[in-house]
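Novice:
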Amino acid sequence: MGRKLLLLGLAFVFQFTAKGQEYQRPAINLELMVQELLAQQEEDNPVYEDIYENLLLYYQNPINLNNTNPEELATLFVLTPAQIQNLFKHIRAQGQLLSIYELQAVPDWDLITIQKILPFVTVQDPSLLTSRQALGQRIFNNNNQYLIARYDRTWQQRRGYTAPDTIGNRLTIRYTGSPDKYLLRYRNSHAHDFSIGFTAEKDAGEALAWNPNQHQFGADFYSAHLQVYNKGKLKALALGDYQLQFGQGLLLSSGFSVGKGSETITTVRRSNVGIRPYSSVLESGFFRGAAATYYIRQNMELTGFISGKRIDGALQATEDSLAQNAFSFGGVQSSGLHRTPTELQNKHQLRESIYGSNLTYKSPDRNLVAGVTILNTSYNIPLQRNNASYNAFSFNGRQNTNVGVHYSYNFQNINIFGETARSTGGGLGTVNGLMASLSKQVDVALVYRNYARNFYNFYGNAFGENTRNQNEVGWYTGLKIKPYAKWEITAYYDKFRFPWLKYRVNAPSHGTEYLVRVLYKPTKTANLYAQFRQETKGLNRRDPNRQLDYVAPATRRNYLFYLDFSPLPFLVSRTRVQMSQYQHEHPWETGYYIGQEGIISLGKTVISARLAFFDTDDYDTRQYVTERDVLSAFSVPAFFGTGTRVYLVVQQALSKKIDTWLKIANTQYHNQETIGSGLEQISGPARTDIRFQVRYRL
Numbered sequence: 032m033g034r035k036l037l038l039l040g041l042a043f044v045f046q047f048t049a050k051g052q053e054y055q056r057p058a059i060n061l062e063l064m065v066q067e068l069l070a071q072q073e074e075d076n077p078v079y080e081d082i083y084e085n086l087l088l089y090y091q092n093p094i095n096l097n098n099t100n101p102e103e104l105a106t107l108f109v110l111t112p113a114q115i116q117n118l119f120k121h122i123r124a125q126g127q128l129l130s131i132y133e134l135q136a137v138p139d140w141d142l143i144t145i146q147k148i149l150p151f152v153t154v155q156d157p158s159l160l161t162s163r164q165a166l167g168q169r170i171f172n173n174n175n176q177y178l179i180a181r182y183d184r185t186w187q188q189r190r191g192y193t194a195p196d197t198i199g200n201r202l203t204i205r206y207t208g209s210p211d212k213y214l215l216r217y218r219n220s221h222a223h224d225f226s227i228g229f230t231a232e233k234d235a236g237e238a239l240a241w242n243p244n245q246h247q248f249g250a251d252f253y254s255a256h257l258q259v260y261n262k263g264k265l266k267a268l269a270l271g272d273y274q275l276q277f278g279q280g281l282l283l284s285s286g287f288s289v290g291k292g293s294e295t296i297t298t299v300r301r302s303n304v305g306i307r308p309y310s311s312v313l314e315s316g317f318f319r320g321a322a323a324t325y326y327i328r329q330n331m332e333l334t335g336f337i338s339g340k341r342i343d344g345a346l347q348a349t350e351d352s353l354a355q356n357a358f359s360f361g362g363v364q365s366s367g368l369h370r371t372p373t374e375l376q377n378k379h380q381l382r383e384s385i386y387g388s389n390l391t392y393k394s395p396d397r398n399l400v401a402g403v404t405i406l407n408t409s410y411n412i413p414l415q416r417n418n419a420s421y422n423a424f425s426f427n428g429r430q431n432t433n434v435g436v437h438y439s440y441n442f443q444n445i446n447i448f449g450e451t452a453r454s455t456g457g458g459l460g461t462v463n464g465l466m467a468s469l470s471k472q473v474d475v476a477l478v479y480r481n482y483a484r485n486f487y488n489f490y491g492n493a494f495g496e497n498t499r500n501q502n503e504v505g506w507y508t509g510l511k512i513k514p515y516a517k518w519e520i521t522a523y524y525d526k527f528r529f530p531w532l533k534y535r536v537n538a539p540s541h542g543t544e545y546l547v548r549v550l551y552k553p554t555k556t557a558n559l560y561a562q563f564r565q566e567t568k569g570l571n572r573r574d575p576n577r578q579l580d581y582v583a584p585a586t587r588r589n590y591l592f593y594l595d596f597s598p599l600p601f602l603v604s605r606t607r608v609q610m611s612q613y614q615h616e617h618p619w620e621t622g623y624y625i626g627q628e629g630i631i632s633l634g635k636t637v638i639s640a641r642l643a644f645f646d647t648d649d650y651d652t653r654q655y656v657t658e659r660d661v662l663s664a665f666s667v668p669a670f671f672g673t674g675t676r677v678y679l680v681v682q683q684a685l686s687k688k689i690d691t692w693l694k695i696a697n698t699q700y701h702n703q704e705t706i707g708s709g710l711e712q713i714s715g716p717a718r719t720d721i722r723f724q725v726r727y728r729l
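Per the numbering used here, the very first residue in the sequence shown carries number 32; after that it's consecutive.
#1: Under the three-state reduction of DSSP, which class applies to H437: helix, strand or coil?
#2: Taking just the CA atoms, how far does G367 sit from F43?
#3: Which value, in whole angstroms, describes the spacing of the CA atoms of R564 and Q612?
#4: State buried or exposed for N219, treating a residue as buried only when at least 16 other CB atoms are found within 10 Å of its CB.
#5: Would you say G505 and F527 are within 8 Å of each other, going by their C-beta atoms?
#6: Near S540, which residues of its chain fall below 6 Å by C-beta distance, leaving aside the five closest residues on each side in sequence?
#7: Can you grab the Cα-Cα spacing for the pair D396 / L88, in whole Å?
#8: Report, in whole angstroms, the separation of the C-beta atoms of S409 and Q430, which I expect to be a contact under 8 Å.
#9: Please give the ranges of any beta strand (DSSP E) in the stretch 523-609, keeping only runs that are unbroken, at least 3 residues long and fully inside the region.
#10: Going by alpha carbons, who is nearest to L710 out of A124, A194, Y392?
#11: Just grab the DSSP bridge partners of G622 for me.
#12: To which residues of the same chain is D272 closer than 6 Å at the C-beta, ignoring the five residues directly before and after it?
#13: Considering only residues of the same chain and omitting the five flanking positions on each side of L270, which have a CB-CB separation below 6 Å?
#14: Which of the three DSSP states, helix, strand or coil, is assigned to E102?
#15: Ends of the alpha helix (DSSP H) at P112?
#16: For E566, which option in R588, I170, I689 has the closest C-alpha, if you only look at C-alpha atoms?
#17: Does the stretch 601-609 come close enough to the stretch 624-639 that 3 or more CB-CB pairs lie under 8 Å?
#18: With DSSP collapsed to three states, give me the class of V661.
#19: If we call anything under 8 Å between Cβ atoms a contact, is I706 one with I713?
#20: Nearest-angstrom Cα distance between K340 and I405?
#21: Can you find the residues in the same chain that come closer than 6 Å, C-beta to C-beta, to D595, ignoring five residues on each side of it along the sequence?
#22: Measuring only the C-alpha atoms, how far is N117 from A476?
#23: For F489, tell me which candidate among F248, Y438, Q364 has the shortest Cα-Cα distance.
#24: Kindly indicate which three-state DSSP category S285 falls into: helix, strand or coil?
#25: Among the candidates R307, S639, D648, whose CA atom is the shortest distance from the CA of E658?
#26: Once the 5 residues before and after Y678 are set aside, which same chain residues still bring their CB inside 6 Å of it?
#27: Out of P575, T461, E496, point me to the one whose CA is closest to G542's CA.
#28: In whole angstroms, what is the alpha-carbon distance linking H221 and G457?
#29: For R728, which residues of its own chain have a beta-carbon under 6 Å away from its beta-carbon, when the five flanking residues on both sides are left out?
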């Protein structure tokens, strides 16, 4: 009785519109959340889409807090280890959660944290969700299955779709397909039970053709998976396409890897999520084959996996032309684009084979997690990179074997974690860190990494500055302060060095990066923050008085102001002002972006519109901004030059089973006669993109 009275009081304080013990999960701007998780924005960054799809999956299938685990909760990038630990302590002491309002009674769970996590969680009795039907019946009768069809096209004609110009030895190569882009996706999943998915995609410029000799089978890319969970001692079984993440992602990392951003604490640590299905349209970064996790003891899991797939790469003749295999390749091509004859020639030229295993121990109280990973990667054709100086220690050959150990330990409000691995040739990589809740108002994170210049990991993405975990040593310090209930201050400082040369850096170099963000959340429907970030690191600089380039500091500063509030129940207003400065070879250069967005919800119709202005001195001060899009699509275009950007997104629920989305976006450039370059060049100062999508719930 006392617990029920407490829940009623918490519900009143929380001020949610509710019916009984139910509540309406709030909507969320996933695009903005993903962009804020990453400090450095890049156009077409595959990390964006992977993180977005993972969070979207949780938004569509919220985590049941009465039937979850610490690893799953950590993948939301919202909760600290201390908050996760306190939640499970509360459940062990009080029993299963009766209502979402009870989260306010969990130690260290403040209102800002609760409001951040609400879109991704629910509270239900696990016993009521258990079905006695056979697996096939559960799959067939599941109410969470849907089919998505999407169409994209740029209205203006690009050079790649014009007739070849053979006059004056001009560019004659053209795209082999139409400017239309198609996507078909089916997904049927139930948390902790099963997941089935199928995806087919054709990019703009690719041909819809059946030509097995050139690896063309209708659509350019297909992906499918089947994964089942918790069948006796079998924790997980995956067939088809899947991803793996163990330890700190030093050897195996999936889309639950972020790094440096405005969330300065929870994103530095990776989650030991194991096997997870793959349903993205990204044509790299996944495994194709089979994987399984088995409970060999109550607290010990053994995972085995095998993968074999064709990947893209340009073959090149070796010096020994009389050798049986007189070819090598200079690097894996991961764009997934097969539009021109050259891109088609490089498609699926290589065969990649991977096998390995992971053994993980989890203590009964889950405070200690430790494991060992073995991974072997081989190619049917040897990799031979060019002889540039920065490639002196890069991987060459057919095969790489990794062995690594990882750990994570919770002690009161402190979590220590790390992973150390060795690759073929003896190169070592290690990342170790600490996260601590010093008080209810202060959290801190420390991370040290040291990746040797001859350390190789093809599917790893541990914490670091470089794209690959190689040739880097650094210290990261993150801080989060909550001085008052509605205020939050986050900051980090990262100092790093690169012991060997890098691309466009012809000497060992070093750098620093720091960020400060102040957030004020006066109400549930209002959000205001200001952010500053600066990064300095070495980059080649030309000097007409010298024969060789020399390394000089390049500094980039980013300023951001954001306001999000709801003046009316059906209206949301979002204002974004950002500016960047860059200094290297020239004096300080500047770029800015100002955007105003409005979202109107009218029953079954949701209309979003944005008007933005941008002005940059050059490409180095370009502005990256996420945009609202159709469901499961993610876009973060780059703006440089001077111009305006406007878009309209309309979502319409036609029935309980059918939803449609339409996005029209237009960019007008000032003082420009063309847009883009090469085959993507448009004659004229305007570009218009159209995207239409239909979702059918089966």
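Using N, Cα and C, we set each Cβ at its ideal position, and we do this for glycine too.
A quick note: this is a predicted structure, and the numbers were derived from the prediction, not measured.
Specialist: On the basis of the coordinates in this document:
#1: strand
#2: Annotation note: pLDDT 48 at F43 (below 50); position unreliable, coordinate value reported separately. Each residue's Cα considered, the two are about 52 Å apart.
#3: 10 Å
#4: buried
#5: yes
#6: F529, G569, V582
#7: 28 Å
#8: 4 Å
#9: 540-551, 557-572, 581-599
#10: A194
#11: S611, T647
#12: S254, H256, Y309, F317, R319
#13: L257, A321
#14: helix
#15: 112-125
#16: R588
#17: yes
#18: coil
#19: yes
#20: 19 Å
#21: N558, R605
#22: 18 Å
#23: Q364
#24: coil
#25: S639
#26: R641, A696
#27: E496
#28: 43 Å
#29: Y177, K688
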